[in-house]
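Read the structure below first, then the notes.
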Amino acid sequence: MQAWQERTQLLIGDEGIARLRQAHVLVAGLGGVGGAAAETLARAGVGRLTIADADTISVTNINRQLLATHRNIGQQKARVAGERLLSINPRLELEALDEFLRDDRLIEVVRMHPYSAIIDAIDTLSPKIYLIKTALETGVPLVSSMGAAGKLDHSQVRTGPFWGVEGCHLARTLRKRFRRMGVLGDFTAVYSTELADPAAVVHCEEEQNKKSRVGVISYLPNLFGVMAGAHVVQTILRGAEQP
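Take the sequence shown: its position 119, counted from the start at 1, is 223 in the working numbering, and no numbers get skipped.
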């Protein structure tokens, strides 16, 4: 055990520290949700992380993304996240992928390691669908973030089975696609039962991979990420097969 883990060890013991140190988690997407999830895992003592995102930090990320400051606008999220995570745990085994996961590469990344769990923090529909599909096919435990934008009420954030999610437009869209594809397996979702405010949506057909921008508050994506990370940590500590 390293000195910075003393308070964690008092709570979960040496066996818990060892379980986390031996775990390997993939975090796909390093925005508001993924950045918070990755940091939650690193501070808990997860020993190995693979993180993936090809995006760069923009000024509009600053209101909600832990990685984003006025000093690192334009820098690669994967690199910034990697440096931050290693500054938290210098012994962390880190694989930082500066790329969007899609098509055959997505399948390759999901299958290239025997992950303890995957956290899906992707906010683009098609890659999200195929990450979930591939994780279900390979049996890798998965926690997926639903939509945090357009909402304010932290008390309505939940974790639970994906097919039971209520109040989330993204979840409804995913379910329709999964039914057409014959993808019926279940997995853990982080979601809010609060209905998104339609007045917070601005359409922007010209932006790559995005049809709209939605207003978002500082704490909701981070809460989603912390809850996803916490769910994975508790699953690892229990030694269960599926979050």
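The beta-carbon is built from N, C-alpha and C at its ideal position, and this holds for glycine as well.
Opposite residue i in the DSSP bridges: which residues?
i    : result
I226 : BP columns for I226 are empty, so no partner.
A156 : A132 and L201
M246 : The residue asked about is misnamed: residue 246 is Leu in this sequence, not Met. Answer is I222.
V306 : R317
Return helix, strand or coil for residue i, following the three-state DSSP convention.
i    : result
L341 : helix
G264 : strand
L130 : strand
A253 : coil
G186 : helix
A293 : strand
Q106 : coil
S259 : helix
V336 : helix
Q180 : strand
R147 : helix
Q346 : Residue confidence is low: Q346 scores 44 on pLDDT, short of 50, so the model does not pin down where it sits. No coordinate-derived value is stated.
D118 : helix
I233 : helix
N193 : coil
A140 : helix
Q113 : helix
Looking only at C-alpha atoms, which of the options sits nearest to residue i?
i    : options                   : result
S191 : A172, I223, R147 and R209 : R147
H273 : P265, R284, S296 and T292 : S296
G329 : P218, L145 and I236       : L145
V131 : A107, V213 and W267       : V213
R281 : Y234, A142 and D159       : Y234
I226 : L299, G138 and Q126       : G138
R262 : L327, L114, A142 and V129 : L327
A140 : G186, T242 and Q179       : G186
For residue i versus residue j, is the C-beta distance shorter than 8 angstroms?
i    : j    : result
S322 : N193 : no
I236 : L229 : no
K255 : L324 : yes
D118 : L134 : no
G151 : E197 : yes
L210 : T154 : no
D224 : P265 : no
A304 : G319 : yes
T164 : Q180 : no
L70  : G120 : The structure shown does not extend to residue 70, since the chain spans only 105 to 347, so no value can be given for it.
I'd like the span of the alpha helix (DSSP H) that includes residue i, first residue to last.
i    : result
T277 : H273 to M285
Considering residue i, what are the terminal residues of the beta strand (DSSP E) in which it resides?
i    : result
V214 : Per DSSP, V214 belongs to no beta strand (DSSP E); it is in the alpha helix (DSSP H), D207 to R215.
S316 : S316 to V318
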